[in-house]
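K.L.:
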Amino acid sequence: MKRTISVIILIAMAIPIGFFFYSLYQETNTAKPDIIYKKITSFSDIDLLKGKSVKPVLYTSVIPLVSLTVEKRKEAFISIMLPSILLAKHKIKMQREHVESILAKSTRSVEDQKIIDKFKKVFSLKDATLIPKKLVTHSTSIVLAQAAIESGWGSSRFFLQANNIFGMWSFNPKDDRIAAGATREGKTIYLKKYLSLEGSVYDYFQTLSKVGSYEKFREARRQTDNPLELIKYLDNYSELGDVYTQNLKTVIEKNDLQKYDDYKLALSNVQ
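Note that our numbering has the sequence shown beginning at 236, numbered continuously upward.
1) Could you check whether the segment 468 to 481 touches the segment 388 to 397, counting it as contact only if at least three pairs of C-beta atoms, one from each stretch, sit closer than 8 Å?
2) I'd like the ranges of any alpha helix (DSSP H) spanning at least 4 consecutive residues and lying wholly in the segment 367 to 394.
3) What residue ranges within the segment 294 to 353 form continuous alpha helix (DSSP H) runs of no fewer than 4 residues, ordered along the chain?
4) By the 10 Å Cβ neighbour count, where 16 or more other Cβ atoms means buried, how is residue 271 classified, buried or exposed?
5) Evaluate the contact criterion for the segment 433 to 451 versus the segment 315 to 329: three or more CB pairs, one atom per stretch, below 8 Å.
6) How far does the alpha helix (DSSP H) with residue 479 in it reach, from first residue to last?
7) Going by the beta-carbon positions, is the gap between residue 380 and residue 463 smaller than 8 Å?
8) Pull up the distance between the alpha-carbon of residue 299 and that of residue 496, whole angstroms please.
9) Measuring straight from C-alpha to C-alpha, what distance separates residue 274 and residue 289?
10) What would DSSP say about residue 446, mapped onto helix, strand or coil?
11) Around the C-beta of residue 306, are 16 or more other C-beta atoms found within 10 angstroms, so that it is buried, or is it exposed?
12) Would you call residue 348 buried or exposed, if buried means 16 or more other Cβ atoms sit within 10 Å of its Cβ?
13) Between the beta-carbon of residue 428 and the beta-carbon of residue 411, is there less than 8 Å?
14) Let me know if residue 456 comes out buried or exposed under the rule of 16 or more other beta-carbons within 10 Å of its beta-carbon.
15) Can the beta-carbon of residue 399 be found closer than 8 Å to that of residue 430?
16) In this structure, how does DSSP classify residue 279 when only helix, strand and coil are distinguished?
17) Whole-angstrom Cβ separation of residue 445 and residue 369, contact assumed at under 8 Å?
18) Roughly how far, in whole angstroms, is the beta-carbon of residue 354 from the beta-carbon of residue 334, given that I think they are within contact range, below 8 Å?
19) Counting along the chain, where does the beta strand (DSSP E) carrying residue 426 start and finish?
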């Protein structure tokens, strides 16, 4: 069986439903962004980037970009993706800081313990002190490059119909999901459907923080934040192996994606 299938199965089995992660965010986030929820029904609905300060626009639906020129299509895709990436990173940062504050307490409230227990379950941990090491992210340029490759710069059916950027599978009938066109051993393959693009990005970060296939990536992430170094450890993300990591490098360099690593959310209440 191809390595991609086995890796995707691990991903799907490892990720709890999006609503569970969202509830953890609600319980731990102390600086809630004033998010602008928006559906894209035409190109004019896209807030194109205008500098390093990014409006917290959370897109709940998207449209095909194929009618645009290659340059405009990439500009639109990055403008759509960047707010969701930064919002997911902010969410994880707030969760980590709140967990650290709980761990620093001499005594914990019932609610504090519930939060700790939930994260221990999410990451399959026995030692609560390891939770903050799981609540980490990495360079925005890597996320953009993988999003571009996995969704075909926003052209995939799963991106358009399910806000599923990275092709995350679903094995839980209770998930909100859509059927893929292919089958596996005669059975229908399903992919997760998200309420917004941010939900897909959040699942992506959680996957890389917990699935065993990415242990070397996590080790490297603790040593460096250089995207061109880190992508070398994402060979398990695709059956293409080293060819996939070379493709990531090409996408990052050709589209100058590293410049987005310094972009921030335009929020007065973000710490």
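Just so it is clear, CB atoms sit at the ideal spot from N, CA and C, and this is done for glycine as well.
P.N.:
This is what the structure holds:
1) Taking 8 Å as the limit for Cβ pairs, the verdict is that the segment 388 to 397 does not touch the segment 468 to 481.
2) Runs found: 375 to 386.
3) With a minimum length of 4 residues, the continuous alpha helix (DSSP H) runs that stay inside the segment 294 to 353 are 305 to 338.
4) Counting C-beta atoms within 10 angstroms of its own C-beta, residue 271 has fewer than 16 neighbours from the protein chains shown and is therefore classed as exposed.
5) The answer is yes - the segment 315 to 329 touches the segment 433 to 451, with three or more Cβ pairs under 8 Å.
6) DSSP places residue 479 in the uninterrupted alpha helix (DSSP H) bounded by 477 to 489.
7) Taking 8 Å as the Cβ cut-off, residue 380 and residue 463 do not qualify as a contacting pair.
8) Cα-Cα distance, rounded: 26 Å.
9) Spanning the two alpha carbons is a distance of roughly 17 Å.
10) Looking at residue 446 - three-state DSSP - the assignment turns out to be coil, as it is neither helix nor strand.
11) When all chains shown are included, residue 306 counts as exposed.
12) That one is exposed.
13) In contact: residue 428 and residue 411 (Cβ atoms closer than 8 Å).
14) Buried is the call here.
15) Residue 399 places its beta carbon 8 Å or farther from that of residue 430.
16) In the displayed model, residue 279 falls within a helix according to three-state DSSP.
17) That belief holds up - the Cβ atoms of residue 445 and residue 369 are roughly 7 Å apart, short of 8 Å.
18) Confirmed, Cβ separation roughly 6 Å.
19) Note, residue 426: beta strand (DSSP E), 422 to 427.
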